[in-house]
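Be aware that the sequence shown starts at 2, since it is given in my numbering, and climbs by one per residue.
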Amino acid sequence: TSRGGSSLAPNREDSLALDRGLRGVAPPRQPRRPVDVPIVTERTQQPSGRVLPNANPLGRNVVVDPRTGEVVSYDRRPQAEADPFAPTGIRLGGFVVTPTVDATLGYDSNPRRLPSGGSGSLFTQSYGELQARSDWSRHELTARLRGTYSAYFSDPGVNRPEVSATATGRIDVSRDTRIEGEARYVLNANSPGSSNLPSSPDGLRNLPLIHQYGATAGVVQDIGRLQISLRGTFDRFTYDDAVTNAGVVIPQGERDYNAYGGRLRASYELTPGLRPFVEVGLEQRRFDQRVATGGTLQGSTATTWRVGSTFELTRLLTGEISAGYLVRDNLEPTFGDISLPVFDASLVWTATALTTVRLTAKSMIDESFTTGASGIEKRDVSIELEHAFRRWLTGTARLAYGHDNYRGTSRVDQRMVASLGLVYRASRNLQIRGEVRRETLQSNTANQSYSANVVLFGLRLQR
């Protein structure tokens, strides 16, 4: 080779290899082209071949014949996986199905969340999840079914199921228009120690179940950098009757209600990672029984205004944050209106490749069936630190705080949860999990405060 030749000129070893056809095979009947012609080195399907050392300075793992400018061999070494312990799922047609099963043994020092502490109990917690996600070039459909059953050895009265079924979909009408929808069903029980549990001197035989059926439909329209979304929601809540230890049935039908809502949001993409928005939401709650047993009117209309932004800053900090104002007009004139500033956040900070911090905050007004209370002003904030000591060993520390103000009464509750968890990934399909949790509620109302310690140890199987 001459000194003034191309930088792609091969050394003696590579020239001999190309001449003898030992490393790489040039495609037949391909026209010659100058060496300085740009070469496309990315292909969807890579042909077989071996890598020639130092054959192509422009592509470390791609071999180019310097005499023709043709790609003659590709590196076929598999790329490293982002998470070697993530479930791969099972492909069924155009869907990827991911099943998960948990079996957990635990101990709860205060299963009924009594002020006196009560007696502790061992319990088992069985958990199953099935998720199906579409793998289509356009549109999207995801279905998820989760179920948990907690069974206490010493106190069967607090045994309870939890079920959540959701199906979310997206229809890509055009490049700038899409239709989104969701159908959902949730089954849970009033938590032990909840202020909404029916009171009885005989105590309750079990925890009454709550059913929620709902749907959401909306449209999202992009107009250049401007995005406008409009969504409507419907949810129905029904409450099962409670049964006391003496066998007396306490009807709960007056608590059943429907919730109708709508939300309009306009956002503008200032930069690829920053999209501020303004939003207005409206919700109306109508009870099946307009007048409660105590003679008060049930029902309300709430309006919420928010300003905020979604963002993704160099992939280190992502999420959404907003602030606004909420006004709720109750049908009962003696309750008056409820108004409060609201702050919501969902942030993920990737501090290092091994450490992730998550911050969430939520403000809302919840229904209250406490006598004299027009609603519960709830504020929740939590922070979670997750650190991977090894790729197969992850620790989690979480601290959550909640403040409940029962409007119309003097009651104020403060909730706190602190937990430490550890996950050992034995393989892609098997995990061993452990958690220690402390729960407390401090109330200014007599006989409402409690504390509990919970220890969990379990196995997870996933595919």
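Where is the CB? At the ideal position from N, CA and C, for every residue including glycine.
All figures in this text were calculated on a predicted structure; none of them were measured in a lab.
Cross-strand partners of residue i (DSSP beta bridge)
i	result
S127	A104 and Y150
R359	V349 and E385
R161	S151
T395	A389 and V424
L442	R416 and Y451
N406	E378 and V413
G262	T234 and E284
L431	L462
W306	V281 and Y326
Q132	T99 and R145
V174	V174 pairs with nothing; no bridge assigned.
L400	I384 and A419
E270	Looking at the DSSP assignment, E270 forms no beta bridge with any residue, so it has no partner.
A166	L146 and Y186
A243	I251
S301	R286 and N331
S122	D109
Bounding residues of the beta strand (DSSP E) (the contiguous stretch that carries residue i)
i	result
D1	In the structure displayed, the chain extends from 2 to 464; residue 1 sits before or after that span and is not available.
S383	G376 to R391
F458	Y451 to Q463
H212	L210 to I224
S201	Careful: S201 lies outside any beta strand (DSSP E) and carries neither H nor E.
F370	F370 -> no beta strand (DSSP E), and no H or E assigned at all.
T178	T178 to A190
Q1	Given a span of 2 to 464 for the chain in the structure shown, any question on residue 1 remains unanswerable.
P277	L275 to F288
R114	Segment: none, R114 is in no beta strand (DSSP E) and carries neither H nor E.
R92	I91 to L93
Span separating the alpha-carbon of residue i from that of residue j
i	j	result
Y108	S420	14 Å
T340	G409	Reading off the sequence shown, one finds Ser at residue 340, where the question assumed Thr. In a straight line, the C-alpha of S340 is about 13 Å away from that of G409.
D338	D103	45 Å
E440	A401	10 Å
R176	P116	58 Å
V281	R264	6 Å
T361	I229	25 Å
S375	D136	47 Å
F154	L123	6 Å
G403	G94	45 Å
D173	V250	50 Å
V220	S411	43 Å
G311	G119	According to the sequence as given, residue 311 is Thr; it is not Gly. Answer to the nearest angstrom: the Cα atoms are 46 Å apart.
A168	L314	30 Å
G233	E183	10 Å
Y258	E378	19 Å
V455	R438	5 Å
P193	L146	25 Å
E436	Q290	43 Å
P273	I224	15 Å
Y451	G254	29 Å
F96	P88	14 Å
G422	R434	7 Å
A216	D236	7 Å
V41	D84	Per-residue confidence for V41 stands at a pLDDT of 39, beneath the threshold of 50, marking its modelled position as unreliable; the derived number appears in the next sentence. Distance between the alpha carbons of V41 and D84: 29 Å.
S127	S151	7 Å
R287	E333	13 Å
F458	L318	32 Å
Option in the options with minimal Cα separation from residue i
i	options	result
N331	S323, G373 and L93	G373
F336	G296, W350, L355 and L188	G296
R185	H212, T351 and P334	H212
P252	L205, E270 and R266	L205
V159	L442, E313 and N207	N207
N246	E181, D257 and D156	D156
A355	T371, T397 and E321	Rather than Ala, the amino acid found at residue 355 in this sequence is Leu. The candidate whose alpha carbon is nearest that of L355 is T397.
S201	V244, T234 and N448	V244
A260	R291, G422, G300 and R276	G300
S347	T357, E436, E333 and K363	K363
Q285	T351, D241, D367 and T99	D367
S138	N448, P88 and R171	R171
V328	T304, T239 and A447	T304
L549	T239, L283 and G274	With the chain running from 2 to 464 in the structure shown, residue 549 is simply not present.
V413	L394, S444, L386 and W393	S444
Q415	T446, R237, L142 and L317	T446
G248	E270, R276, L227 and D203	D203
S195	L188, R114 and E270	R114
L198	G325, A152 and F370	F370
P162	N191, Y269 and T178	N191
A427	A453, D405 and L394	L394
A133	R399, P342, H388 and R92	R92
Exercise for the section: Note down, one range per segment and in chain order, each beta strand (DSSP E) of at least 3 residues found wholly within the segment 308-352. Expected result: 318-331 and 339-351
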